[in-house]
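Chains as they are written, first to last, in the working numbering: chain A, 1 to 298; chain B, 1 to 298.
Every residue, glycine too, gets a C-beta built ideally from N, C-alpha and C.
Here's the structure, in structure tokens; my notes come after.
Protein chains: 2
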Amino acid sequence: MSSPDWIGADWGTSHLRVWSMQGSTVLDHASSDAGMGKLTPDQFEGALLTAIAPWLTDATMTVVACGMVGARQGWIEAPYASVPCTPVPQRMVTAQTLDPRLTVHVVPGLKQTAPADVMRGEETQIAGFLALNADWDGIICLPGTHTKWAHISAGEVVSFQTFMTGEQFALLSGQSVLKHSIGTGWDEDAFKEALNDTMSRPERLAAYLFNLRARHLLEGQDPDTARGRLSGLLLGAELAASRPFWLGQHVAIIGDDALARAYSIALAAQGVPAIVADAPRMTLAGLQAAYRMTKEST
Amino acid sequence: MSSPDWIGADWGTSHLRVWSMQGSTVLDHASSDAGMGKLTPDQFEGALLTAIAPWLTDATMTVVACGMVGARQGWIEAPYASVPCTPVPQRMVTAQTLDPRLTVHVVPGLKQTAPADVMRGEETQIAGFLALNADWDGIICLPGTHTKWAHISAGEVVSFQTFMTGEQFALLSGQSVLKHSIGTGWDEDAFKEALNDTMSRPERLAAYLFNLRARHLLEGQDPDTARGRLSGLLLGAELAASRPFWLGQHVAIIGDDALARAYSIALAAQGVPAIVADAPRMTLAGLQAAYRMTKEST
Numbered sequence: 001m002s003s004p005d006w007i008g009a010d011w012g013t014s015h016l017r018v019w020s021m022q023g024s025t026v027l028d029h030a031s032s033d034a035g036m037g038k039l040t041p042d043q044f045e046g047a048l049l050t051a052i053a054p055w056l057t058d059a060t061m062t063v064v065a066c067g068m069v070g071a072r073q074g075w076i077e078a079p080y081a082s083v084p085c086t087p088v089p090q091r092m093v094t095a096q097t098l099d100p101r102l103t104v105h106v107v108p109g110l111k112q113t114a115p116a117d118v119m120r121g122e123e124t125q126i127a128g129f130l131a132l133n134a135d136w137d138g139i140i141c142l143p144g145t146h147t148k149w150a151h152i153s154a155g156e157v158v159s160f161q162t163f164m165t166g167e168q169f170a171l172l173s174g175q176s177v178l179k180h181s182i183g184t185g186w187d188e189d190a191f192k193e194a195l196n197d198t199m200s201r202p203e204r205l206a207a208y209l210f211n212l213r214a215r216h217l218l219e220g221q222d223p224d225t226a227r228g229r230l231s232g233l234l235l236g237a238e239l240a241a242s243r244p245f246w247l248g249q250h251v252a253i254i255g256d257d258a259l260a261r262a263y264s265i266a267l268a269a270q271g272v273p274a275i276v277a278d279a280p281r282m283t284l285a286g287l288q289a290a291y292r293m294t295k296e297s298t
Numbered sequence: 001m002s003s004p005d006w007i008g009a010d011w012g013t014s015h016l017r018v019w020s021m022q023g024s025t026v027l028d029h030a031s032s033d034a035g036m037g038k039l040t041p042d043q044f045e046g047a048l049l050t051a052i053a054p055w056l057t058d059a060t061m062t063v064v065a066c067g068m069v070g071a072r073q074g075w076i077e078a079p080y081a082s083v084p085c086t087p088v089p090q091r092m093v094t095a096q097t098l099d100p101r102l103t104v105h106v107v108p109g110l111k112q113t114a115p116a117d118v119m120r121g122e123e124t125q126i127a128g129f130l131a132l133n134a135d136w137d138g139i140i141c142l143p144g145t146h147t148k149w150a151h152i153s154a155g156e157v158v159s160f161q162t163f164m165t166g167e168q169f170a171l172l173s174g175q176s177v178l179k180h181s182i183g184t185g186w187d188e189d190a191f192k193e194a195l196n197d198t199m200s201r202p203e204r205l206a207a208y209l210f211n212l213r214a215r216h217l218l219e220g221q222d223p224d225t226a227r228g229r230l231s232g233l234l235l236g237a238e239l240a241a242s243r244p245f246w247l248g249q250h251v252a253i254i255g256d257d258a259l260a261r262a263y264s265i266a267l268a269a270q271g272v273p274a275i276v277a278d279a280p281r282m283t284l285a286g287l288q289a290a291y292r293m294t295k296e297s298t
């Protein structure tokens with residue numbers, strides 16, 4: 001196996017994903033569950049060394065990392081850059097390492113003052129998307145536990161807004177009284193109908209939620225219908241609130257999982273065709289853009 | 001201690017509360033955590049006997065029970081009565097007992113077909129309120145994990161609607177990313193401001209929620225302010241949706257805890273003065289009304 005000239009790391013709360021890179025070519029990749037949430041600050045270097053050990057030689061190695069690794073409770077705090085700004089940072093933060101071979105740069109997140117908002121990790125995906133799509137203006141939607149909508153203009157993140165839709169879905173389907181009514185499948189027709197219900201009457205969300213329970217008890221509602229409806233209800237409320245972002249705009253969705261597909265279906269139903277980009281690929285392209293910055297600044 | 005002529009039982013998911021009664025006079029009361037959620041069907045009789053043992057003699061004893069004890073997964077299923085109907089049941093379901101001294105009547109819950117909705121336990125509180133407030137027409141609000149709004153006319157429950165607001169508050173404050181930002185105190189000014197935010201823009205709820213996290217990270221927002229705001233955001237969305245119930249109506253709130261006070265403050269801010277009734281007292285009055293029905297029907 002050839003030797004990498006740099007290593008990219010996507011280090012979130014629950015996972016660490018690493019890529020062995022030669023320029024823009026992926027030589028190898030690996031992942032582990034050594035997420036930020038499981039580590040104390042002095043455990044990050046060991047977790048990184050374990051993950052990238054097969055790729056190290058006696059030479060020095062540059063690692064570029066993004067995500068919660070740069071949070072206050074991470075390895076080293078990489079203070080947020082304020083929007084409007086480019087998603088690729090002007091300056092990264094360097095983590096202290098005991099192993100003299102490692103140089104670890106951490107990508108800072110973005111913050112917005114009014115209304116207060118933050119992102120950490122998604123800025124790298126946005127940077128990757130813009131590196132691959134030069135001069136692209138529009139809206140980038142990043143579905144997830146905390147979905148982000150970002151307004152992009154002239155290569156900068158102008159503003160953004162976070163919705164807790166994904167986390168609400170997880171809590172309601174897994175830990176609320178609704179867990180008895182929700183299946184593992186997903187009914188697209190039920191999704192679309194529920195989407196319309198909350199897009200037109202978003203304030204009724206908490207009532208529509210309990211209605212899922214009542215339909216289960218009284219009508220034996222199919223659990224896959226209930227799952228489709230739950231995701232539709234939550235996403236409809238989000239689309240009602242994020243309308244100023246997507247209405248009449250170019251929209252790109254970063255993500256290729258079931259959640260991203262649900263956003264794509266929902267936007268298409270509003271007459272907004274969204275392009276869909278693969279999330280790990282955008283992360284990697286963003287890390288590469290950040291790596292190039294480190295070369296230019298030295 | 002004098003001997004009771006009947007026993008009332010409020011048997012919910014997490015608790016069992018029993019009262020030793022002589023007519024409408026409480027001789028004694030007790031409670032335990034032997035809720036429906038912890039018991040298999042064959043364990044209910046033993047749990048009841050343990051709770052009421054000090055009050056039993058060799059004579060037979062009538063027990064009237066309400067709540068989840070009558071659910072499908074309870075002691076015996078007491079099928080829902082369909083609204084519109086009186087909250088005091090025309091007919092109760094009798095549980096099988098091994099102990100020949102016990103006669104246990106279970107109060108059925110209420111159901112609504114369109115939109116589908118159910119209640120179990122609250123109907124007894126409504127019956128109690130109406131027993132104590134003859135000829136009262138208006139709206140009864142029963143705050144809780146699943147808050148109920150019921151439209152009362154001519155002694156009947158005409159329609160009702162359930163909101164999952166309380167459960168959402170518990171999940172978001174205790175198990176979501178917001179748990180790091182939420183304190184134990186409760187700031188009333190923050191509550192009122194947030195209430196207005198979602199009453200006027202209910203669709204923005206999921207964005208306002210993450211804003212609590214961002215304000216904590218960026219501005220060090222006071223955790224009691226965050227708790228006040230979280231309850232205000234959720235309640236404001238509920239009031240926006242339940243407006244057809246409370247606007248221009250007489251409203252009674254059954255409950256005397258912090259949650260019920262929050263509803264009272266929120267309604268007062270909309271120019272709706274609500275009367276507040278003590279929940280256990282309403283339960284007991286409702287059980288007594290149900291007990292009287294058993295006497296009349298024999």
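Within a Cβ cutoff of 8 angstroms, which residues of the same chain sit near residue i, ignoring the five residues on either side of it in sequence?
{"i": "PRO115(B)", "result": "GLN161"}
{"i": "MET68(A)", "result": "TRP11, GLY12, THR13, GLY35, MET36, GLY37, GLY74, ARG120, GLY121"}
{"i": "ALA260(B)", "result": "PRO143, ILE253, ILE254, VAL276, ALA279"}
{"i": "PRO100(A)", "result": "THR60"}
{"i": "SER159(B)", "result": "VAL83, PRO84, GLN112, ALA150, HIS151"}
What is the DSSP secondary structure of residue i, counted as helix, strand or coil?
{"i": "HIS151(B)", "result": "strand"}
{"i": "ALA299(B)", "result": "The requested residue 299(B) does not occur in the structure, where chain B is confined to residues 1 to 298."}
{"i": "LEU195(B)", "result": "helix"}
{"i": "GLY128(B)", "result": "helix"}
{"i": "MET21(B)", "result": "strand"}
{"i": "ASP10(A)", "result": "strand"}
{"i": "HIS180(A)", "result": "helix"}
{"i": "ILE254(B)", "result": "strand"}
{"i": "THR162(A)", "result": "strand"}
{"i": "GLY138(B)", "result": "strand"}
{"i": "SER173(A)", "result": "helix"}
{"i": "ILE76(B)", "result": "coil"}
{"i": "SER31(A)", "result": "strand"}
{"i": "GLN312(A)", "result": "An answer regarding residue 312(A) cannot be provided, because it is not within the stretch 1 to 298 covered by chain A."}
{"i": "HIS105(A)", "result": "strand"}
{"i": "THR62(B)", "result": "strand"}
{"i": "ASP222(A)", "result": "coil"}
Whose C-beta lies closer than 6 angstroms to the C-beta of residue i among residues of the same chain, with five residues either side of it excluded?
{"i": "ARG227(A)", "result": "ILE182, GLY183, TRP186"}
{"i": "LEU172(B)", "result": "LEU178"}
In whole angstroms, give me the CA-to-CA distance for residue i and residue j.
{"i": "PHE210(A)", "j": "MET164(B)", "result": "6 angstroms"}
{"i": "ASP224(A)", "j": "GLU77(B)", "result": "26 angstroms"}
{"i": "HIS146(B)", "j": "GLY166(B)", "result": "6 angstroms"}
{"i": "LYS148(A)", "j": "ALA194(B)", "result": "22 angstroms"}
{"i": "HIS29(A)", "j": "ARG17(A)", "result": "8 angstroms"}
{"i": "CYS141(B)", "j": "ILE140(A)", "result": "42 angstroms"}
{"i": "ASP33(A)", "j": "ILE52(A)", "result": "14 angstroms"}
{"i": "ALA65(A)", "j": "ALA206(B)", "result": "29 angstroms"}
{"i": "LEU284(A)", "j": "PRO273(A)", "result": "25 angstroms"}
{"i": "GLU296(B)", "j": "VAL26(B)", "result": "21 angstroms"}
{"i": "ARG72(B)", "j": "LYS111(B)", "result": "14 angstroms"}
{"i": "VAL83(A)", "j": "GLN175(A)", "result": "36 angstroms"}
{"i": "ILE126(B)", "j": "THR124(A)", "result": "56 angstroms"}
{"i": "ALA9(A)", "j": "SER264(A)", "result": "28 angstroms"}
{"i": "GLY316(B)", "j": "PHE191(A)", "result": "Summary: the structure shown does not reach residue 316(B), with chain B confined to residues 1 through 298, and so no result is reported for it."}
{"i": "ILE7(B)", "j": "LEU247(B)", "result": "39 angstroms"}
{"i": "MET98(B)", "j": "GLN43(B)", "result": "According to the sequence provided, residue 98(B) is Leu. The question's Met does not apply to it. Using only the alpha carbons, I get a separation of about 11 angstroms."}
Just to confirm my understanding: we take residue i, look at its own chain, exclude 5 residues before and 5 after, and list those with CB closer than 7 angstroms. What are they?
{"i": "THR57(B)", "result": "SER3"}
{"i": "PHE129(A)", "result": "ILE140, ALA252, ILE254, ALA277, MET282"}
{"i": "ALA289(A)", "result": "VAL88, ALA127, GLY128, ALA131"}
{"i": "SER24(B)", "result": "GLN288"}
Using 6 angstroms as the cut-off, classify the Cβ of residue i as near or not near the heavy atoms of the ligand HEM, replying yes or no.
{"i": "LYS295(B)", "result": "With respect to small molecules bound, the structure shown includes none, and the ligand HEM cannot be examined in it."}
message = Taking beta-carbon pairs under 7 angstroms, can you tell me which members of the segment 174-204 of chain A lie near chain B?
response = GLN175, SER176, VAL177, PRO202, GLU203, ARG204
ask   = What residues from the segment 268-280 of chain B come within 7 angstroms of chain A, judged by C-beta to C-beta, listed N to C?
value = none
ask   = Taking Cβ-Cβ distances below 8 angstroms as the criterion, which residues of the segment 154-174 of chain B are in contact with chain A?
value = GLN161, THR162, PHE163, MET164, THR165, GLU167, GLN168, LEU171, LEU172
Near-chain A residues of the segment 208-228 of chain B - C-beta to any C-beta below 7 angstroms = LEU209, PHE210, ASN211, ALA214, ARG215, LEU217, LEU218, GLU219
ask   = Given 8 angstroms as the limit, is there contact between the segment 231-244 of chain A and the segment 190-207 of chain A, that is, 3 or more CB pairs closer than that?
value = yes
key: Contact residues within the segment 81-105 of chain A, judged by C-beta distance below 7 angstroms to chain B   = none
request  = Give, in chain order, every residue of the segment 247-261 of chain A whose Cβ lies closer than 8 angstroms to some Cβ of chain B.
outcome  = none
inquiry  = To be precise: take each residue of the segment 54-85 of chain B, compare its Cβ to all Cβ atoms of chain A, and keep it if any distance is under 7 angstroms. Which residues remain?
reply    = none
Near-chain B residues of the segment 102-128 of chain A (beta-carbon distance less than 7 angstroms), N- to C-terminal order = LYS111, PRO115, ALA116, ASP117, VAL118
message = Short of 8 angstroms Cβ to Cβ, which residues in the segment 228-240 of chain A face chain B?
response = LEU234, ALA237, GLU238, ALA240
ask   = Between the segment 139-152 of chain A and chain B, which residues of the former have a C-beta closer than 7 angstroms to a C-beta of the latter?
value = HIS146
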